[in-house]
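> I'd like to ask some things about the structure below.
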Amino acid sequence: MVDELGLEELIDTLIPQDQKQRRVCVGKCVKAMILNGLGFANRTLYLMPNFFKDKPIERLFGEAIKAEYFNDDALGRALDSIYTYGTSNFYAQLAAQSVKRLGLSCEAGHLDSSTFHVDGDYNSRENAEDLADGVIHITQGYSRDHRPDLNQVVLQLICENQAGIPLWMKALSGNSNDSSDFRETIKTHLSQLKASVELPVIVADCALYAKDTLQELNDFPWITRVPETIRGVSEICQAMASEHMLDKPEQAFESLCSNYGGVKQRWLVVYTRAAHQRAEKTVNRQFLKQSEVEWRAFEQLKKQEFACDVDAKSALNMFQKKLETTEINDFSIIEIKKFKKKGRPSKKQEPDEIRYQIQANLSSLLDVRRRKIAKKCCFILATNELDETKLSDKQFLTHYTPGQQKVEGGFRFLKDPLFMANTLFLKSPKRIEALMAIMTLCLLVYSALEYRIRQALIENKATFPNQIGGSTDKPTARWVFQFFVGIHILIIGEIQSVVLNCNVQHFSLLKLLGERYVLIYSNSQ
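Here the sequence shown stands for residues 9 to 533, numbered as in the numbering used here.
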């Protein structure tokens, strides 16, 4: 796939290099890092030669290339060259060519970001103002991995909607803010994406929905989710949910007009049965957990004795204010007579002391539970594209969900523990930034190959074995990689090699992909 997309050739065109000073060009170094990343071997750069020791190096890179050429010095210099060129622009040109070669029509670009933690201090102890212009600040910030104690970098992606290929990547400082960074990315780079891949609309999560951002970006078509904190959103969602909570349709939506932030826009209030079911499950679990906490606390309160009924009522009122999922019913204050003398007191004997206890019942707040479910089973999308002939309500919804899952799935891939990016460790922030481009290229190649495999199977009405003994026309690229594990090359003498364990199912898929793929797995003499 790297060769089909022409990545190596384009890289060597973009980055001038003195071939006399290198045993391997930058393009081959990048190709090697992509293969290493997609080998799911979790190897660091300085172990790269070991990764290729048992690989058919000449089939992958051509004659006269040896595994030891891909050492940490060669790969480090390649990363330096990428950083010097400009990581985002470098990647964008590779992505644009890949999209054209795959024949993808980009109907929407999905913008999102995530964090990656970094081993080492790097420049975390320095002030951001003291860093050289353009160098990312590796520091602590809001962590999507719930590790705020670790230094991190932020990776921002824009993915197209068909194959999930990243069109744009940018490495950012660890304490970056999504709202301002999203605005800056769209202002600065969307025109370039429109020109290179004809991107008509940008889709992002609710971090994009801020007054300043909407006003500045009104010339660019956008789709985003309206935060629940915006005034009126909760009430609109609850009203929509009330209409559909009984019949539970698969999907329902209603269009509204809004002028939030002084920007004319279209809102789409969306109800889905799947969201309703998730909301019920989540709210019921939370309600049960909180109710048990409140019930145990209430049982302790009822055991307490108070000096007077006023104190008992005051304690009851204070307790009631803290309740979230339950309420107090049928309460009363009872007297507890205390006698110092042992034995049963006579009827006429006056108590030495009178204490007071609370007697009441606790019941669940079903209305609160219903409101919480209603709030979670609906959401509101917004767009500044008012013309429904250009963007219908159905397209509006589809671009966000399931469309936004493309970029979210990309981050899940990059954060997989078997992928090389679960922890980053290199010599400098500049190389960390360049490695982020390599990571994104791994995602590009993975997504492109998965798309090509699925399209080839569908177009030829063919299937591929799945993990449970059946067949599918939508296998994941990772499963295909695993299916091809165990294929070896037997080298006979100096000129002949035989491919072992490559069966009919392997060759059927290779033939669908094309001659380039068949050749890699063919016997040679």
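The C-beta atom is built at its ideal place from N, Cα and C for all residues, glycine as well.
(1) Measuring alpha carbon to alpha carbon, tell me which of G84, F387 and E262 ends up nearest T409.
(2) Given that a residue counts as buried once 16 or more other Cβ atoms are within 10 Å of its Cβ, and exposed if not, what is K438?
(3) Using C-beta distances below 7 angstroms, list every residue in its chain close to A249, excluding the 5 sequence neighbours before and after it, in chain order.
(4) Do you know how far the Cα of Q164 is from the Cα of A176?
(5) Sort out for me which residues DSSP pairs N369 with in a bridge.
(6) Please report the residue range of the beta strand (DSSP E) in which G117 lies.
(7) Assign T397 to one of three DSSP states: helix, strand, or coil.
(8) With a threshold of 16 other CB atoms inside 10 Å of the CB of Y91, please say whether the residue is buried or exposed.
(9) Have a look at L370 and A323 and give me their C-alpha separation to the nearest angstrom.
(10) The beta strand (DSSP E) with Y77 in it runs from where to where?
(11) Would you identify the three-state DSSP class for C316, choosing helix, strand or coil?
(12) Taking C-alpha atoms, which residue in L18, E168, A103 and A86 lies nearest to Q29?
(13) Tell me which residue opens and which closes the alpha helix (DSSP H) that Y99 is part of.
(14) Assuming D120 and V415 form a contact by the criterion Cβ under 8 angstroms, report the distance between their Cβ atoms to the nearest whole angstrom.
(15) For A179, name the three-state secondary structure that DSSP assigns.
(16) Go through its chain and collect everything with a Cβ distance to R536's Cβ below 8 angstroms, but skip five positions before and after it.
(17) Where does S516 fall in DSSP's three states?
(18) Tell me the rounded alpha-carbon separation between V126 and G418.
(19) Taking E441 and T95 to be in contact with their CB atoms under 8 angstroms, please state how far apart those CB atoms are, rounded to whole angstroms.
(20) For H219, collect the residues of the same chain with a Cβ closer than 7 angstroms to its Cβ; drop the 5 residues on either side in sequence, then sort them by chain order.
(21) Output yes or no for whether 9 angstroms exceeds the beta carbon distance between Q160 and I173.
For this structure:
(1) As a working note, residue 409 is residue 401 in the sequence shown. Checked all of G84, F387 and E262; the closest Cα to T409 is F387.
(2) Indexing the sequence shown from 1 puts residue 438 at position 430. Burial call: buried.
(3) If you number the sequence shown from 1, residue 249 lands on position 241. Contacts found: Y279, A382, C385 and C386.
(4) Here residue 176 refers to the residue found at position 168 of the sequence shown. Here residue 164 refers to the residue found at position 156 of the sequence shown. For the record, residue 176 in the displayed sequence is Trp; it is not Ala. In a straight line, the C-alpha of W176 is about 8 angstroms away from that of Q164.
(5) The residue given as residue 369 occupies position 361 in the sequence shown. Paired residue(s): N337.
(6) Locating residue 117 in the sequence shown gives position 109, where the first residue counts as 1. Segment G117 to H125, the beta strand (DSSP E) holding G117.
(7) Sequence index remark: in the sequence shown, residue 397 carries index 389 (1-based). If DSSP states are grouped into helix, strand and coil, T397 belongs with coil.
(8) Numbered from its first residue, the sequence shown carries residue 91 at position 83. By the neighbour-count rule (16 or more Cβ atoms within 10 Å), Y91 is buried.
(9) The sequence position of residue 370 within the sequence shown is 362, counting from 1. The sequence position of residue 323 within the sequence shown is 315, counting from 1. Distance between the alpha carbons of L370 and A323: 15 angstroms.
(10) Within the sequence shown, numbered from 1, the residue matching residue 77 stands at position 69. Premise fails: Y77 is in no beta strand (DSSP E) and is neither H nor E.
(11) Here the question's residue 316 lines up with position 308 in the sequence shown. In this structure, C316 counts as coil in the three-state DSSP scheme.
(12) Position 21 of the sequence shown, counted from the first residue, corresponds to residue 29. Q29 has its Cα closest to that of A86, out of L18, E168, A103 and A86.
(13) The residue you call residue 99 lines up with position 91 of the sequence shown. Unbroken alpha helix (DSSP H) run through Y99: T95 to L110.
(14) Residue numbering aside, residue 120 sits at position 112 when the sequence shown is read from its first letter. Residue numbering aside, residue 415 sits at position 407 when the sequence shown is read from its first letter. Confirmed, about 4 angstroms.
(15) If you number the sequence shown from 1, residue 179 lands on position 171. Strand.
(16) Here the chain comprises residues numbered 9 to 533, so residue 536 is not present and cannot be evaluated.
(17) As a first step, residue 516 is located in the sequence shown; it is residue number 508 there, counting from the start. Looking at S516 - three-state DSSP - the assignment turns out to be helix.
(18) Within the sequence shown, numbered from 1, the residue matching residue 126 stands at position 118. Within the sequence shown, numbered from 1, the residue matching residue 418 stands at position 410. One C-alpha to the other measures close to 19 angstroms.
(19) In the sequence shown, the residue the question calls residue 441 occupies position 433. In the sequence shown, the residue the question calls residue 95 occupies position 87. That belief holds up - the Cβ atoms of E441 and T95 are roughly 5 angstroms apart, short of 8 angstroms.
(20) By one-based count along the sequence shown, residue 219 stands at place 211. Contrary to the premise, residue 219 reads as Lys rather than His in this sequence. G269, listed in sequence order.
(21) Residue mapping note: residue 160 aligns to position 152 of the sequence shown, counting from 1. Residue mapping note: residue 173 aligns to position 165 of the sequence shown, counting from 1. No, Cβ-Cβ distance for Q160 and I173 is not below 9 angstroms.
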